[in-house]
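Count along the sequence shown from 1, add 10, and you get the number used in the numbering used here.
The beta-carbon is built from N, C-alpha and C at its ideal position, and this holds for glycine as well.
Reading through the structure tokens given below for one structure.
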Amino acid sequence: MAESPPLLICEHCDTVYRRRELCCGEVARCQRCDAILERHHRLGVGGMFALVVTAMLVFVQANVWPIVTLGLGGTMISTTLWGAIVMMWREHSQIVSMLAAATLFFFPLGKMLLLGWVLFFAQQGRRAPGFRLAMVALYRLGPWTMSEVFVLGALVAIVKARVYFEVILNPGIFAYAALTLLITVFASIDLRRLWDLVPEHHA
């Protein structure tokens, strides 16, 4: 018996459609509420996995390299992201410190590790162990990766700090800017495709 085409459900009005392959530049919209159901993506599983590996390398660099150096009266002070988080903790801003650590380090790291885990097995044409839990976790983590907010906030702070300090941008801030672009690409990829690209095999 031939398998039926995979289904696509509108997240806004719950209308069910049969999915078909989209052409380059094509967008599928719900006929009932006009919401976007799916977009054509050029990246395959191998391309997505390469993107994740690249993001991991940039992430390591962004957290190892100093972000900015401030100079005042001949004294130069540079810090990394974790140096700033530790400083906020010591200055009795524990809530802000924990939020920064979660949204700028743990959540992005968790998302990249989970996505890399799923895509590593997807390249072999099979689902990763814990595939369902990993996909649910990726969906939940999506809104909590806020590297772009950090980069914008850091740029605003740097512009204001130049009034009082000598400011030197370090490689860490550029690495975070590159990471923001990569995370933006991640956000544009419909991870729901993985449910169909790596179908479940029953014994």
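Excluding the 5 residues flanking Ile-46 on each side, which residues of the same chain have their C-beta closer than 7 Å to its C-beta? Within the sequence shown, residue 46 is the residue found at index 36, counting from 1. Hits under 7 Å: Val-37 and Arg-39.
Please tell me whether, using a cut-off of 7 Å, the distance from the CB of Ile-46 to the nearest non-hydrogen atom of the ligand GDP is below it. With respect to small molecules bound, the structure shown includes none, and the ligand GDP cannot be examined in it.
On the three-state DSSP scale, how would you describe Ala-38? Position 28 of the sequence shown, counted from the start, is the residue given in the question as residue 38. Strand, per DSSP.
Counting C-beta neighbours from all protein chains within 10 Å, is the total for Thr-194 16 or more, i.e. buried, or is it exposed? For the purposes of this step, residue 194 is identified with residue 184 of the sequence shown, where counting begins at 1. Exposed, because fewer than 16 other Cβ atoms sit within 10 Å of the Cβ of Thr-194.
DSSP puts Val-177 in a beta bridge; with which residues? Here residue 177 refers to the residue found at position 167 of the sequence shown. Leu-80, per the DSSP bridge assignment.
Give me, in chain order, the residues of the same chain whose beta-carbon lies closer than 8 Å to that of Arg-42; leave out the 5 immediate sequence neighbours on both sides. Numbered from its first residue, the sequence shown carries residue 42 at position 32. So the qualifying residues of the chain are Cys-20, Cys-23 and Thr-25.
Just tell me which of Leu-67, Leu-123 and Ile-95 has its CA closest to the CA of Ala-188. Working through the sequence shown from its first residue, we reach residue 188 at position 178. With respect to the C-alpha of Ala-188, the residue from Leu-67, Leu-123 and Ile-95 having the closest C-alpha is Leu-67.
Just to confirm, is the Cβ distance from Leu-4 to Leu-191 under 8 Å? Here the chain covers residues 11 to 213 and nothing more, so residue 4 does not appear.
At least three beta-carbon pairs within less than 8 Å, the stretch 119-129 to the stretch 58-67: With three or more CB-CB distances shorter than 8 Å, the stretch 119-129 counts as touching the stretch 58-67.
When DSSP builds the beta bridges, which residues end up paired with Met-86? For this step, residue 86 is matched to residue 76 along the sequence shown. Answer is Gly-81, bridged to Met-86.
Which term fits Ala-185, buried or exposed, when burial requires 16 or more other beta carbons within 10 angstroms of its beta carbon? Against the sequence shown, residue 185 aligns to sequence position 175. The residue is buried, with at least 16 neighbouring Cβ atoms inside 10 Å.
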